[in-house]
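Scroll down for the structure; my scribbles are underneath it.
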Amino acid sequence: MTKDETFFEQKMDRREFLKKAGIGGAGLALGLSGASAFFATKTDEAEKISDGDEKIRFYGKHQAGITTAMQKNIYFVVLDLHTTDKDKIIQLFKDWTDYSAKLVEGELVKKDGSNALLPPTDTGETVGLNPHRLTLTFGVSADFLKKMGLESKRPKLFRDLPPFPKEQLQDKYTGGDIAIQACADDEQVAFHAIRNLIRKGRNSITMKWSQSGFAAIGNRLETPRNLFGFKDGTANVTKESDFDQVVWTDSKDWMKDGSYMAVRRIQMHLETWDRTNLQEQENTFGRYKDSGAPFGKKNEFDEVDLSLLPVDSHVRLAKEVDKPIYRRSYSYSDGIDETTGQFDSGLLFISYQKDPDSFVKVQTNLGADDKMNEYITHIGSGLFACFAGVEKGGYLGQDLFE
Ligand code: HEM
Numbered sequence: 167m168t169k170d171e172t173f174f175e176q177k178m179d180r181r182e183f184l185k186k187a188g189i190g191g192a193g194l195a196l197g198l199s200g201a202s203a204f205f206a207t208k209t210d211e212a213e214k215i216s217d218g219d220e221k222i223r224f225y226g227k228h229q230a231g232i233t234t235a236m237q238k239n240i241y242f243v244v245l246d247l248h249t250t251d252k253d254k255i256i257q258l259f260k261d262w263t264d265y266s267a268k269l270v271e272g273e274l275v276k277k278d279g280s281n282a283l284l285p286p287t288d289t290g291e292t293v294g295l296n297p298h299r300l301t302l303t304f305g306v307s308a309d310f311l312k313k314m315g316l317e318s319k320r321p322k323l324f325r326d327l328p329p330f331p332k333e334q335l336q337d338k339y340t341g342g343d344i345a346i347q348a349c350a351d352d353e354q355v356a357f358h359a360i361r362n363l364i365r366k367g368r369n370s371i372t373m374k375w376s377q378s379g380f381a382a383i384g385n386r387l388e389t390p391r392n393l394f395g396f397k398d399g400t401a402n403v404t405k406e407s408d409f410d411q412v413v414w415t416d417s418k419d420w421m422k423d424g425s426y427m428a429v430r431r432i433q434m435h436l437e438t439w440d441r442t443n444l445q446e447q448e449n450t451f452g453r454y455k456d457s458g459a460p461f462g463k464k465n466e467f468d469e470v471d472l473s474l475l476p477v478d479s480h481v482r483l484a485k486e487v488d489k490p491i492y493r494r495s496y497s498y499s500d501g502i503d504e505t506t507g508q509f510d511s512g513l514l515f516i517s518y519q520k521d522p523d524s525f526v527k528v529q530t531n532l533g534a535d536d537k538m539n540e541y542i543t544h545i546g547s548g549l550f551a552c553f554a555g556v557e558k559g560g561y562l563g564q565d566l567f568e
């Protein structure tokens, strides 16, 4: 087991439990199922830790924030380098390592001396708050490797994403050199972390784009629903052995024990969706909206029978490729689209996989035929190599730089 695993991951396999309790689709039958005693204990624990008083270690074999149970909030940022000085960037990653280890423990990034004529090092807005399960996850792009003169170290797997059918990518949400994903059960904690990391790097980096987002995480036992109202994340693997198969890269280079992160900023046309009748909505996914069960089945985690799903349904097209990916997406809502007067909202889609080709194969199959394409537009994109975790005394990206 990795050190960054949280309470539920250590104590039980959520899907197995829901299956056993027979409440996969119907919601949480607290106190009613045969397993209620067991469940009640977990729920008390869940309440305790939902206050955020549960730290997730920064150090470990893998970076936290990838297979860690999802938190309620994300602040995601993509940065551009404005230096090609490798030593400067190595120093920045060392500083970020030091800062991150403190931030996830709920500490100030630096304690200041007594000189009140200097600005405080830590911006201070989380003083008095606990870390709210903060995780910080770092990745670099192929452009980063080029700018740093490290192209010879580019893994074979790390190919550029090809153009996909129907995407309408905007430069301002596409590409970039470094990605940092901050997730926490509190928005201000996630924002504070990014703000202080950026502040430390101002001499070497600029911000390209950022996105905050939210997920309907309650007691962490139910799959969160996206803005179309459907449970999203059901098919994700949950076991440590499956993570090795799907998420963690096992190549013999600096990406060993890391993972490739695909990011898509996907606009969701909610007004169009909200005018669509329930049957059509369900046909779009091939799952029932209320229970989350696949067509022809009763419960959320029942096995999908592809032959029972419409040929253009999202789940059928995503599953028939047989290339599993691990999704960790957040909804966003950014006010009103000035040109249409409609909600500017959607999904900050994030998937982790050991080989980016799995994402490419799935998205290629979805791109042209997915019925959901009537209701979404992909407008941003990025592919980042997220390093392995950091052992104490080491620093982020060390195996790449040395
Ligand atoms: C706004 C965009 C999207 C929405 C609203 C959405 C929603 C959903 C929903 C509701 C499910 C069924 C429940 C589940 O297993 O999670 C699902 C499954 C899935 N989606 Fe998406 N999705 C979106 C984009 C994508 C993209 C861009 C990809 C990858 C390229 C993707 C890959 C998958 C996969 C692999 C599954 C599981 C299929 C299976 O094995 O059963 N989705 N999605």
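Residue numbers (our numbering): 167 to 568.
Glycine residues also receive a C-beta, built at the ideal position from the N, C-alpha and C atoms.
Mind checking whether the beta-carbon of Ser495 lies closer than 8 Å to any heavy atom of ligand 1?
-> yes
Quick one: Cα of Met236 to Cα of Lys405, how far?
-> 15 Å
Under 9 Å, do Met421 and Ala230 count as touching if we go by C-beta distance?
-> no
For Asp523, count neighbouring C-beta atoms within 10 Å of its own C-beta (all shown protein chains included) and say buried if the count is 16 or more, exposed if not.
-> exposed
Sorted by chain position, which residues of the same chain lie with C-beta nearer than 8 Å to Ser376's C-beta, five sequence neighbours on each side aside?
-> Tyr241, Phe242, Val243, Val244, Ile360
Is His544 near ligand 1, in the sense that its beta carbon is under 8 Å from a heavy atom of that ligand?
-> yes
What did DSSP end up calling Val412 once you bin it into helix, strand or coil?
-> helix
What first and last residue would you give for the beta strand (DSSP E) that runs through Gln334?
-> Where Gln334 is concerned, there is no enclosing beta strand (DSSP E), given that its DSSP letter is neither H nor E.
Segment contact flag, the region 270–277 with the region 324–343, C-beta cutoff 8 Å, min 3 pairs = no
Should the region 426–444 be regarded as contacting the region 504–514, the criterion being three or more beta carbon pairs within less than 8 Å?
-> yes
Counting only runs that start and end within the region 356–423, where is the alpha helix (DSSP H) found for 4 or more residues in a row?
-> 406–412
Tyr265: first and last residue of the uninterrupted alpha helix (DSSP H) it sits in = 252–269
For the alpha helix (DSSP H) containing Leu532, list its first residue and its last residue.
-> 522–535
Which same chain residues, not among the five before or five after Asp500, have their C-beta less than 6 Å away from its C-beta?
-> Asp510
Using three-state DSSP, classify Gln237 as helix, strand or coil.
-> coil
Following the continuous alpha helix (DSSP H) through Leu566, name the residue where it begins and the one where it ends.
-> 564–567
May I ask you to report which of helix, strand or coil DSSP gives Val569?
-> This structure gives no information on residue 569, because the portion of the chain shown stretches from 167 to 568.
Quick one: grab the DSSP three-state call for Phe330.
-> coil
Assuming Ile346 contacts Lys238 (C-beta within less than 8 Å), just tell me the rounded distance between them.
-> No, Ile346 and Lys238 are not in contact; Cβ-Cβ is about 18 Å, not under 8 Å.
Mind checking whether the beta-carbon of His358 lies closer than 8 Å to any heavy atom of ligand 1?
-> no
Identify, in the order they occur along the chain, each residue of the same chain with its Cβ nearer than 6 Å to the Cβ of Asp536, setting aside the five sequence neighbours on each side.
-> His480, Leu483
How long is the line joining the alpha carbons of Arg320 and Thr442, rounded to whole angstroms?
-> 45 Å
Going by the CB atoms, is the gap between Lys260 and Leu562 shorter than 9 Å?
-> yes
Under a Cβ-count criterion, where at least 16 other Cβ atoms within 10 Å of its own Cβ denotes burial, should Asn392 be classed as buried or exposed?
-> buried
When we look at the beta-carbon of Asn362 and count the other beta-carbons within 10 Å, is it buried (16 or more) or exposed?
-> buried
Run the CB neighbour count on Asn402, radius 10 Å, all protein chains shown included, and call it buried at 16 or more, exposed below.
-> buried
Among the residues of its own chain, which have a CB less than 6 Å from the CB of Ala356, if the five just before and after it don't count?
-> Asn239, Tyr241, Ala348, Ala350
Look at Leu475 and Pro460 and say whether their C-beta atoms are less than 9 Å apart.
-> yes
When the Cα atoms are used, what is the spatial distance from Leu472 to Glu291?
-> 49 Å
Measure the C-alpha to C-alpha separation of Gly294 and Tyr496 and round it to an integer number of angstroms.
-> 27 Å
Span of the beta strand (DSSP E) holding Asp456?
-> Counting along the chain, Asp456 falls outside any beta strand (DSSP E), and DSSP gives it neither H nor E.
Kindly examine ligand 1 and report whether one of its heavy atoms sits closer than 8 Å to the Cβ of Lys252.
-> no
Name the DSSP bridge partner or partners of Val487?
-> Bridge partners of Val487: none, in fact.
Of the residues Tyr225, Thr400, Gly555, Ala282, the one placed nearest Asp423, counting alpha carbons only = Gly555
When we look at the beta-carbon of Ile502 and count the other beta-carbons within 10 Å, is it buried (16 or more) or exposed?
-> exposed
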